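Undergrad: When the letters of the sequence shown are read in order and numbered with mature numbering (1 follows the signal peptide of the UniProt record, and there is no 0), they come out as residues -24 to -1, 1 to 269. All C-beta atoms in this analysis are idealised placements derived from N, C-alpha and C, irrespective of residue type, glycine included. Since this is a predicted model, take the numbers as computed values, not measurements. Quick one: the structure is below, questions incoming.
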Amino acid sequence: MTMNRRALLLSGAASALLPMSARASEEAEPPLLAEDYAAARAGFQTRLLREGPAPDGGESLDPPPGARRISYRSGGLELAAWLSDDATSTAKRPAILFLHGGNALWHGHWDLTKPYREAGYVAMMPAFRAENGQPGFFSGFYDETADALATATTLRALPGVDPARLFLAGHSVGGTLTLLAAMSAPTFRAAAAFSPNPDARAFFRRFPEDIRFDAGNPREFEMRSAACYATSFKCPLLMLHGSEETRSEDAIRLTSARAKAAGLDVRHGIVPGSHTSALPGETAESLRFFAGI
């Protein structure tokens, strides 16, 4: 898989670029908000101060081997997704919506769906708005969550998909989107988030150049932070990360604890490895988790 610019960032220099209002509360624990996240989304619209493409360039959206390209609509935009090329059967099968990491869809990302496809799942992986030359504006998690939900609607309507067995998974940026989507609608049987960051302030401290929204409005961060709405998960959830990555572990533990205190089935696990080398183990754990739901 192609390495993107994130591997080259220096977190100390990045922190200095954050707006003062964001830096002032950088050590504060994300607040726990009582409002349901889906209701909060219905009453909120992100305010983008800069409109433009996603930060990562990406490559052609021509499908890799084992996939075909389809279209889905989100917010008036026609966007692309990859669908496993054996998804034409009329026999109802479970399906996995896998949300890629980074801010572009690369052909190597499709390899992450292979264990699910081998286990009998129909797989879909979307490219989000403003990625890979697509229309729309990059928002940093918020409008991209709407794209993920729109893709789920497309996937569950396919004749070969059992809509009662639609699962969700994602890695890194896609893991964070997995959390937000799992709080937004009761669409999924279960969800698994690999290396997510439930605290948007912490995430954007590392990647301040990705802030396109009004960083002076705390609500913008809250609406991108699963930790703030940890009682809103609408399906069983498994959060995993590698043993060598600890940057977001506190936020993951906080989110899990808040959800469990509300009686939700939200679990946290650690898999040997790094941000990327842990992926095979995380995928295997997610398949076991899904099988038990």
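Leaving out five residues on either side along the sequence, give the residues of the same chain with a beta carbon under 7 angstroms from the beta carbon of P29.
TA: The count along the sequence shown starts at 1 and reaches residue 29 at position 53. Same-chain partners within the cutoff: A106 and F114.
Undergrad: Return yes when the Cβ of W86 is within less than 8 angstroms of the Cβ of E35, no when it is not.
TA: Taking the first residue of the sequence shown as position 1, residue 35 is located at position 59. Taking the first residue of the sequence shown as position 1, residue 86 is located at position 110. Cβ distance not < 8 angstroms, so E35 and W86 don't count as in contact.
Undergrad: DSSP state of G245, grouped into three classes?
TA: Along the sequence shown, read from residue 1 onward, the residue named residue 245 stands at position 269. Of the three classes helix, strand and coil, the one that applies to G245 here is strand, per DSSP.
Undergrad: Runs of 3 residues minimum, wholly inside the stretch 83 to 130: which ones carry the beta strand (DSSP E) assignment?
TA: You should have 98 to 102.
Undergrad: If you run the structure through DSSP and keep just helix, strand and coil, what is A16?
TA: Walking along the sequence shown from the start, residue 16 turns up at place 40. Here A16 sits in helix by DSSP.
Undergrad: Quick one: residues in its chain with C-beta nearer than 6 angstroms to the C-beta of P135, no 5 flanking neighbours on either side, listed in chain order?
TA: Within the sequence shown, the letter at position 159 stands for residue 135. Excluding residues within five positions, the ones whose Cβ falls inside 6 angstroms are T66.
Undergrad: For a quick check, are the C-beta atoms of F209 and A145 less than 8 angstroms apart?
TA: In the sequence shown, residue 209 corresponds to position 233, counting from 1. In the sequence shown, residue 145 corresponds to position 169, counting from 1. Not in contact: F209 and A145 (Cβ atoms no closer than 8 angstroms).
Undergrad: Using C-beta distances below 6 angstroms, list every residue in its chain close to T163, excluding the 5 sequence neighbours before and after it, in chain order.
TA: For the purposes of this step, residue 163 is identified with residue 187 of the sequence shown, where counting begins at 1. Within the same chain, T163 has close Cβ partners A128.
Undergrad: Flag this pair as yes or no: are the beta carbons of S201 and P41 separated by less than 8 angstroms?
TA: Taking the first residue of the sequence shown as 1, we reach residue 201 at position 225. Taking the first residue of the sequence shown as 1, we reach residue 41 at position 65. Going by C-beta atoms, S201 is not nearer than 8 angstroms to P41.
Undergrad: According to the neighbour-count rule (16 or more other Cβ atoms, all chains shown, within 10 Å of its Cβ), is residue 274 buried or exposed?
TA: Limits of the chain in this structure are -24 at one end and 269 at the other, which puts residue 274 out of reach.
Undergrad: For P248, does the count of other Cβ atoms within 10 angstroms reach 16, so buried, or fall short, so exposed?
TA: Position 272 of the sequence shown, counted from the start, is the residue given in the question as residue 248. The residue in question, P248, is exposed, as its Cβ has fewer than 16 Cβ neighbours within 10 Å.
Undergrad: Closest by CA to S171, which one among R223, L142 and P194?
TA: Counting from one through the sequence shown, the residue named residue 171 turns up at place 195. The residue with the shortest Cα to Cα distance from S171 is R223.
Undergrad: Could you check the C-alpha separation between G(-13) and E185 for me, to the nearest Å?
TA: The count along the sequence shown starts at 1 and reaches residue -13 at position 12. The count along the sequence shown starts at 1 and reaches residue 185 at position 209. Legend: pLDDT at G(-13) = 35, less than 50; position of this residue unreliable, value from coordinates given subsequently. Cα-Cα distance, rounded: 13 angstroms.
Undergrad: With G257 as the anchor, note down where its alpha helix (DSSP H) starts and where it stops.
TA: Within the sequence shown, the letter at position 281 stands for residue 257. Note, G257: alpha helix (DSSP H), L255 to A267.
Undergrad: Would you mind working out which of G150, G112 and F266 sits nearest G52, comparing C-alpha positions?
TA: Sequence index remark: in the sequence shown, residue 52 carries index 76 (1-based). Nearest C-alpha to G52: G112.
Undergrad: Could you tell me which of L153, R229 and Y48 sits nearest to A126, measuring between CA atoms?
TA: Here residue 126 is taken as the residue at index 150 of the sequence shown, counted from 1. Ranking the options by Cα distance to A126, first place goes to Y48.
Undergrad: Is the Cβ-Cβ distance between R17 and F189 less than 8 angstroms?
TA: For the purposes of this step, residue 17 is taken as the residue at position 41 of the sequence shown. For the purposes of this step, residue 189 is taken as the residue at position 213 of the sequence shown. No, these two residues do not count as a Cβ contact at 8 angstroms.
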